[in-house]
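Numbering (the working numbering), first residue to last: 54 to 427.
Ideal Cβ positions, reconstructed from N, Cα and C, are used throughout, including at glycine.
The structure presented is a predicted model; accordingly, all values stated were derived computationally and were not measured.
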């Protein structure tokens, strides 16, 4: 059972009467959402020894299609509702999205916040209410408590990482209002940001090989590229890499990170350079990772399927390959500063804080270097 993506379409597969069945739910965010909803229904039916429901009878939600240039949240309301000199939360959110666009933020990031505002946040925070009339107790506390509850999609409590991220989005909107003298208060400022439990990355080299053995060819190649170059998965780096980014003479690849808006140059080891040369001969696209000559938008579904087929029973994601790249280098005594540069981190401290605790025995090895003084 699981959700996967093929040719841009989101599909669900499950076993019924000893045979595999697949159902397509279309492309885009709505297709992905409907596939996840049906997959949850299938798993629930299997867990309770019930018949798998008809896909057409599973109630799903039609995700809205939002055009950033046409976003408008402030309705026509009586003038008396809006106090003089005070902006409503809806109007402030609209101006914040315009600010993100003017600041060069990625369309994906802007659409993420726009969708959250329209489908979630405005259901909890009154968009017609003046920001300066909002308080932590009456407005923000119920907002936080709601997201600490169970997700309608997964049926599980949301992680603290998700709760913090949603609160940070709203916090940024309120801060934008204060910085631009559109409002005077930030009701989110009284929030005590909960500490996030570090994610326990369990993926190792052997399990990575098991997943690659069960992966479709395009995914297997994507995993190989990701692990050898330490890229961020997805469109931010891995799926945007082009053959023109590779200098086959100098054996380097020039990677642009949309997250930090910086370039970094990563050396390519000899054996992988030869693999790149061979793959370029067969490529029918400008992109290093492709599917039938077209750029791939996401690998989450196919990666999840490969993990299930490989029998991996702990949480794992494509991003773990980037973690494995760093920890493998560090555990083999690679220079911390060099690894930091390869990862594209802003500081060496960030690399140390993120990965050092994965290196077993380093503190013991350091202490063993002390000389005997007696």
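Could you give the distance in angstroms between the alpha-carbon of residue i and the alpha-carbon of residue j?
{"i": "residue 423", "j": "residue 402", "result": "24 Å"}
{"i": "residue 381", "j": "residue 243", "result": "41 Å"}
{"i": "residue 221", "j": "residue 239", "result": "12 Å"}
{"i": "residue 160", "j": "residue 215", "result": "20 Å"}
{"i": "residue 353", "j": "residue 56", "result": "9 Å"}
{"i": "residue 155", "j": "residue 328", "result": "41 Å"}
{"i": "residue 165", "j": "residue 171", "result": "10 Å"}
{"i": "residue 246", "j": "residue 217", "result": "7 Å"}
{"i": "residue 408", "j": "residue 376", "result": "8 Å"}
{"i": "residue 418", "j": "residue 391", "result": "21 Å"}
{"i": "residue 163", "j": "residue 71", "result": "44 Å"}
{"i": "residue 136", "j": "residue 175", "result": "Low confidence applies here, because residue 136 scores a pLDDT of 43, under 50, leaving its location unreliable and the question unanswered by this model."}
{"i": "residue 104", "j": "residue 93", "result": "14 Å"}
{"i": "residue 292", "j": "residue 339", "result": "11 Å"}
{"i": "residue 192", "j": "residue 227", "result": "13 Å"}
{"i": "residue 426", "j": "residue 420", "result": "14 Å"}
{"i": "residue 151", "j": "residue 157", "result": "10 Å"}
{"i": "residue 237", "j": "residue 197", "result": "22 Å"}
Is residue j closer than 9 Å to residue i when the C-beta atoms are compared?
{"i": "residue 351", "j": "residue 58", "result": "yes"}
{"i": "residue 183", "j": "residue 139", "result": "yes"}
{"i": "residue 355", "j": "residue 268", "result": "yes"}
{"i": "residue 399", "j": "residue 313", "result": "yes"}
{"i": "residue 229", "j": "residue 187", "result": "no"}
{"i": "residue 241", "j": "residue 260", "result": "no"}
{"i": "residue 305", "j": "residue 294", "result": "no"}
{"i": "residue 301", "j": "residue 307", "result": "no"}
{"i": "residue 299", "j": "residue 341", "result": "yes"}
Which one of the options has the shortest CA to CA distance from residue i?
{"i": "residue 396", "options": "340, 286, 298", "result": "286"}
{"i": "residue 235", "options": "404, 145, 157", "result": "145"}
{"i": "residue 343", "options": "283, 288, 223, 427", "result": "288"}
{"i": "residue 324", "options": "282, 309, 348", "result": "282"}
{"i": "residue 372", "options": "301, 341, 319, 278", "result": "278"}
{"i": "residue 429", "options": "177, 349, 294, 157", "result": "No information on residue 429 is available, as it lies outside the stretch 54 to 427 that the chain covers here."}
{"i": "residue 167", "options": "149, 178, 155, 179", "result": "149"}
{"i": "residue 266", "options": "93, 76, 358", "result": "358"}
{"i": "residue 326", "options": "309, 296, 317", "result": "296"}
{"i": "residue 78", "options": "71, 72, 60", "result": "60"}
{"i": "residue 200", "options": "185, 390, 219", "result": "219"}
{"i": "residue 405", "options": "418, 417, 379", "result": "379"}
{"i": "residue 85", "options": "104, 75, 65", "result": "65"}
{"i": "residue 204", "options": "338, 90, 191, 311", "result": "90"}
{"i": "residue 416", "options": "393, 427, 321, 384", "result": "384"}
{"i": "residue 320", "options": "346, 374, 280, 347", "result": "280"}
{"i": "residue 394", "options": "318, 420, 346", "result": "318"}
{"i": "residue 68", "options": "62, 102, 232", "result": "102"}
{"i": "residue 80", "options": "73, 106, 63, 95", "result": "63"}
{"i": "residue 194", "options": "208, 178, 185", "result": "178"}
{"i": "residue 209", "options": "369, 97, 346, 374", "result": "97"}
{"i": "residue 262", "options": "347, 180, 374, 99", "result": "374"}
Flag residue i as yes when its Cβ comes closer than 8 Å to any non-hydrogen atom of the ligand COA, and as no otherwise.
{"i": "residue 155", "result": "With respect to small molecules bound, the structure shown includes none, and the ligand COA cannot be examined in it."}
Please give the ranges of any beta strand (DSSP E) in the region 62-86, keeping only runs that are unbroken, at least 3 residues long and fully inside the region.
Listed in chain order, the beta strand (DSSP E) runs fully inside the region 62-86 are 62-69, 72-80, counting runs of at least 3 residues.
Just checking, does the region 253-260 make contact with the region 356-370 on the three C-beta pairs under 8 Å criterion?
Note that the region 253-260 touches the region 356-370; at least 3 beta-carbon pairs, one per stretch, sit closer than 8 Å.
Using 8 Å as the Cβ pair cut-off and three pairs as the minimum, do the region 274-288 and the region 328-343 touch?
In short, these stretches touch, since the Cβ pair count reaches three.
Continuous beta strand (DSSP E) assignments of at least 3 residues falling wholly in the region 280-346:
Complete beta strand (DSSP E) runs here, min 3: 305-310, 315-320.
What alpha helix (DSSP H) runs, 4 residues minimum, are completely inside the region 160-188?
If one requires a minimum length of 4 residues, the alpha helix (DSSP H) runs lying completely within the region 160-188 are 160-169, in chain order.
Length-filtered (4 minimum) alpha helix (DSSP H) runs lying within the region 363-389
Counting only runs of 4 or more, we get 372-384.
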